[in-house]
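Encoded as C-alpha cells, the structure appears first; notes follow it.
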Amino acid sequence: MSASYRDLYAASLDDREAFWLDAAGAIDWFERPTRAFDPALGAYGRWFPDGVVNACHNALDRHVAAGRGEQAALIYDSPVTGAKRTYTYAELLAEVARFAAVLQDFGVGPGDRVVVYMPMIPEAVIATYACARLGAIHSVVFGGFAANELAKRIDDATPKVVLAASCGIEPTRVVPYKPLLDAALAGAAHAPEAVVLLQRPQLDAEMVAGRDHDWADLVAAAEGRTTACARMRATDPLYILYTSGTTGTPKGVVRDTGGYLVALAWTMKGLYGIAPGEVFWCASDIGWVVGHSYIVYGPLLHGATTVLYEGKPVGTPDAGAFWRVIAEHKAVALFTAPTALRAIKKEDSKGDLFRQHHLGGFRALFLAGERADPPTVQWAEDLLKVPVIDHCWQTETGWAIVGNPLGIEPLPVKHGSPTVPMPGYDVKVLDDAGHEAAPGTLGNIVIKLPLPPGCLPTLWNADDRFRSAYLEGFPGYYQTSDAGFIDEDGYVFFMARTDDIINVAGHRLSTGGMEEVIASHPDVAECAVVGVADALKGQSPTGFVVLKAGVSRPFADIEREIVALVRDRIGPVAAFKTALTVQRLPKTRSGKILRGTIQKIADGEDWTMPATIEDPATLDEIGAALAGRR
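Per our numbering, the sequence shown starts with residue 2, numbered consecutively.
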C-alpha cells in the first residue's frame, strides 16, 4: 500500500480537525466553520458546529455564478417513456427557485418536512433541491411503496406537504401511485396540509378537492418568481431517509447538511476521480441513499453532470441499455449495484450487446449495495477493460466506509474486498467479547467513534433508539452489523451481515464465502446461501442458484457440481449438501437479496412480506423449490 493513501488516511485519524477543515474548503459557506468537530454535542459529537451553509446554493447557485450556467447539470433519460431532456445549471436553478416559491406559498420553511413520493423524473430532483433551498427537510420515499409503509413514514416525519406523481412506469406496466398515496393518507394519523400532484401523461389521477393541488398549475402560476437560499446551520438536517427496522417501525436516518456536503465533495474527486464538467452516472433510485448521494447531490456539488435514468439494466429494451446510456451521454464512470451487473451478465454473458456501443471515454465502473462476488467483478473487468471498483457503505453512513481511492491513488484490487477504509473511518474487527481480532480472523466489523462527516448523527425523533441500535453493542464503536475480516495489508473483507454468519456443528462460517464459490461455476448467474435449521448440526447451508440465460443442461447435474465445488473449495466442514435452482431470487427494490426471508421460509417459520420486495412471486418460487426437495 503506497505512501500517498497511507499518509492521507493517517492524517484523517491523527488530526481530524485539520483534515476536515481543509476538506471544508471545497464548500461555499455563508459562515465558514472555525472548528471541525465538537465531541460534546449529540450522541458522539457533531461536525462543523458553527458553520452556516445551504445545500442548494452549493449545488446550483455558486456554479451559475462561477460561469457554469450553460453546462449540462442533469440529463434525464427515460427508455420506459422515450423521453430525454438535458437541464443546464441555469435552467435547473430557475426550476428549483420557482418550485421553492410554490412550497413557500404552502408555508414551507426551515425545519418543516416534505415527503417526496415520485419516480425517477426531473421533478423529483427539483423537489428535493427546492426543499434544501428553503431549509425544509425532505424525505424521499421510493415511488410505488406500499400504502401501509408509506403511512408509517408520513406519521414519523409529519410532513407539511406531500409531493407525488400520478404514476410510475415499469417496462411492462403503468404503476398508479395516487391510490397508494390516498390509502396511506387514510391510514396515517398525521394529515399533511397539502398534496401537490404531478399528472404524468401516462395516467391522469383523481384529485381530492381541498387537499390536492396540480403541480403544473402551481408552477405556471409561479412563472418568474424566485427564492433565496436559507442560511442553515451545518448541523441542521438536510433530509430523512428511512431504512427498515427490525421492530417493524422504520428507522429515519438523519443526514445533516454541512458534514454531508463536505464528505460528498471529497468523494467526487478523491474516491471517484471525477473532474468538474464530466458526466457521472449513478444507476440507482433517489429513494435510496445511493441516489441521494450520487444522483442528486454529489455530482452537482462538484460541478459535474448527473444522469437521471428511468429504466432497468435489462428489459428497457435489452441488456445493452447501460452501455447505450454511457455511450450516448459520454459518461466517464458508472456506479451501480452488483445485482444489476449480474442481470446483464445473465442475459448477455458473452457481451454481444456491449460490443454494439462505443465507450471511448469510459474510465471506471463502481459497485456497491451488496457484496460484489468476484466472478461477476472478473466478468466485468474482462468485458470493459477498465477498473471495476467495489466499495461498501450503508444508508446510515451516506458515503463509502471502504473503497479504492481512484482519484488519490488507485490501489491494487483484491477480488472479494472493497479495498481500504476511507478517510475518517477507523475500521476494526472485534470478536463477540469486544476484543480486536487478529488479521484474517472473521468477526464483527465496527467503526471507532466518532464517525466521519456525512454519517448519521442520530435517528429522527429517536435518539435512544439510535444509541441502542448502533452504539451500545460495542461501547465506543459504531456497529455496522456486518461480519468480515481485515487482512495483513489492511484490506477489509465484508463477508456477510452478522445474522448471515451460520453455525455448522460449532464452526462459524460465512455464507458470503460459499456464495463466492458457487458464483464461480460457469453456469451460475447469481446465488444466495442461507443457514437452514438442522437438528444435528444446528444449521446447514442451502444454496439457491439462478442460471445464465441459454443454459440447457439438467438442473440436477449442475446442482451436484455446485455441491462438489463447495466441498472442494471450503471443505467438508461446510456440510454443504443442497443446491436448488430457481428462476429468480427475491430481492428488494434496491437489489439486495432477501436472505432473512428465504431462511424463514426454509425453516418453516412465520414470515411477513417485506415492504421493499421487488416481486412477491419470487418467494413462491423459493417455497416451491424447497417443497420439491422435502
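Virtual Cβ for every residue (Gly too), placed ideally from N, Cα, C.
These numbers come from a predicted model, not from an experiment.
Would you check if the distance between the CB atom of residue i and the CB atom of residue j is smaller than 8 angstroms?
| i | j | result |
| --- | --- | --- |
| Tyr118 | Ala165 | yes |
| Ile602 | Gly624 | yes |
| Trp380 | Thr268 | no |
| Phe107 | Val162 | yes |
| Trp48 | Pro375 | no |
| Val430 | Ile402 | no |
| Pro123 | Leu9 | no |
| Leu265 | Tyr6 | no |
| Leu407 | Gly274 | yes |
| His358 | Arg325 | yes |
| Leu452 | Tyr45 | yes |
Sorted by chain position, which residues of the same chain lie with C-beta nearer than 8 angstroms to residue i's C-beta, five sequence neighbours on each side aside?
| i | result |
| --- | --- |
| Ser140 | Arg114, Val115, Val116, Val117, Arg154, Ala158, Pro160, Tyr240, Ile241, Leu242, Tyr243, Gly253 |
| Pro251 | Glu150, Lys153, Arg154, Asp157, Tyr243, Thr244, Ser245 |
| Val109 | Val115, Cys132, Leu135, Ala137, Lys161, Val162 |
| Val97 | Cys57, Leu61, Ile127, Tyr130, Ala131, Arg134 |
Is residue i helix, strand or coil by DSSP?
| i | result |
| --- | --- |
| Asp349 | coil |
| Trp608 | coil |
| His214 | strand |
| Ala19 | helix |
| Arg256 | strand |
| Ala628 | helix |
| Tyr118 | strand |
| His303 | coil |
| Leu431 | strand |
| Ala60 | helix |
| Tyr426 | coil |
| Leu1 | Lying before the first or after the last residue shown, residue 1 is absent from the chain, which here runs from 2 to 631. |
| Gly1 | No answer is possible for residue 1: it lies beyond the span of the chain, which begins at 2 and ends at 631. |
| Ile127 | helix |
| Asn149 | helix |
| Met515 | helix |
| Glu622 | helix |
| Trp48 | strand |
| His359 | coil |
| Met233 | strand |
| Phe143 | coil |
| Ile614 | strand |
| Phe31 | coil |
| Asp76 | As written in the sequence, residue 76 is Ile, which differs from the Asp given in the question. In this structure, Ile76 counts as strand in the three-state DSSP scheme. |
Note down, in chain order, each residue of its chain lying with its Cβ closer than 6 angstroms to the Cβ of residue i, except the 5 sequence neighbours on either side.
| i | result |
| --- | --- |
| Gln480 | Val447, Tyr471, Gly474 |
| Arg86 | Tyr77 |
| Glu311 | Ser79, Val81, Met121 |
| Val196 | Val163, Arg212, Asp213 |
| Phe100 | Ile127, Ala131 |
| Ser13 | Phe20, Pro424, Gly425 |
| Trp461 | Ile241, Gly253, Val255 |
| Val530 | Thr512, Met515, Glu516, Pro542, Gly544 |
| Ala338 | Gly370, Gly592 |
| Gly288 | Val141, Phe143 |
| Thr589 | Thr613 |
Who are the Cβ neighbours of residue i in its own chain at under 7 angstroms, not counting the five residues just before and after it?
| i | result |
| --- | --- |
| Met610 | Pro617 |
| Gly260 | Trp48, Phe49, Ala235, Pro454, Gly455 |
| Gly417 | Pro375, Phe494, Glu517 |
| Trp394 | Ala369, Trp400, Ala401, Ile402 |
| Leu620 | Pro587, Thr598, Ile602 |
| Pro180 | none |
| Asp607 | none |
| Gly362 | Lys331, Val333 |
| Leu93 | Leu61, Ala74, Leu75 |
(request) State whether the stretch 114 to 129 contacts the stretch 469 to 486, with contact taken as three or more CB pairs (one from each stretch) at a distance under 8 angstroms. (result) As far as the Cβ criterion goes, the stretch 114 to 129 does not touch the stretch 469 to 486, which means the pair count is below three.
(request) Would you list, in sequence order, the uninterrupted beta strand (DSSP E) runs of no fewer than 3 residues that lie entirely inside the stretch 364 to 420? (result) As for any beta strand (DSSP E) of minimum length 3 sitting wholly inside the stretch 364 to 420, the runs are 365 to 368, 389 to 391, ordered along the chain.
(message) For the pair the stretch 299 to 317 and the stretch 334 to 354, tell me if three or more CB-CB distances fall below 8 angstroms.
(response) In this structure the stretch 299 to 317 touches the stretch 334 to 354; the number of beta carbon pairs closer than 8 angstroms is three or more.
(message) I'd like to know if the stretch 47 to 59 and the stretch 229 to 238 are in contact, where contact means that at least 3 CB-CB pairs between them fall below 8 angstroms.
(response) A contact is defined here as three or more CB-CB pairs under 8 angstroms, and the stretch 47 to 59 meets this definition with respect to the stretch 229 to 238.
(request) Count the C-beta pairs between the stretch 33 to 42 and the stretch 214 to 221 that are closer than 8 angstroms, then say yes if the count reaches three, no if not. (result) As far as the Cβ criterion goes, the stretch 33 to 42 does not touch the stretch 214 to 221, which means the pair count is below three.
(message) Just to confirm the assignment: which complete beta strand (DSSP E) runs, minimum length 3, are found wholly within the stretch 79 to 106?
(response) Taken in chain order, the unbroken stretches of beta strand (DSSP E) that lie wholly in the stretch 79 to 106 and span 3 residues or more are 84 to 89.
(request) Take every Cβ of the stretch 569 to 584, pair it with every Cβ of the stretch 550 to 560, and state whether three or more of those distances are shorter than 8 angstroms. (result) The stretch 569 to 584, when compared against the stretch 550 to 560, does touch it at the 8 angstroms Cβ threshold.
(request) Could you say if the stretch 542 to 555 and the stretch 520 to 528 meet the contact criterion of at least three C-beta pairs nearer than 8 angstroms? (result) Segments in contact, yes.
(message) With a threshold of 8 angstroms, are at least 3 pairs of Cβ atoms found where one atom belongs to the stretch 276 to 285 and the other to the stretch 318 to 338?
(response) Yes, they touch.
(message) Below 8 angstroms, how does it come out for the stretch 353 to 368 and the stretch 387 to 398: are there three or more Cβ pairs, yes or no?
(response) A contact exists between the stretch 353 to 368 and the stretch 387 to 398.
(message) Runs of 4 residues minimum, wholly inside the stretch 148 to 188: which ones carry the alpha helix (DSSP H) assignment?
(response) As far as the stretch 148 to 188 is concerned, its whole alpha helix (DSSP H) runs of at least 4 residues are 148 to 158, 179 to 188.
(request) Run through the stretch 303 to 338 for me and flag every whole beta strand (DSSP E) of 3 or more residues, listed as ranges in chain order. (result) Listed in chain order, the complete beta strand (DSSP E) runs (minimum 3 residues) inside the stretch 303 to 338 are 306 to 310, 332 to 337.
(message) As an exercise, report each continuous alpha helix (DSSP H) stretch of at least 4 residues that is fully enclosed by the stretch 459 to 489, in chain order.
(response) For the stretch 459 to 489, whole alpha helix (DSSP H) runs of length 4 or above, ordered along the chain, are 464 to 467.
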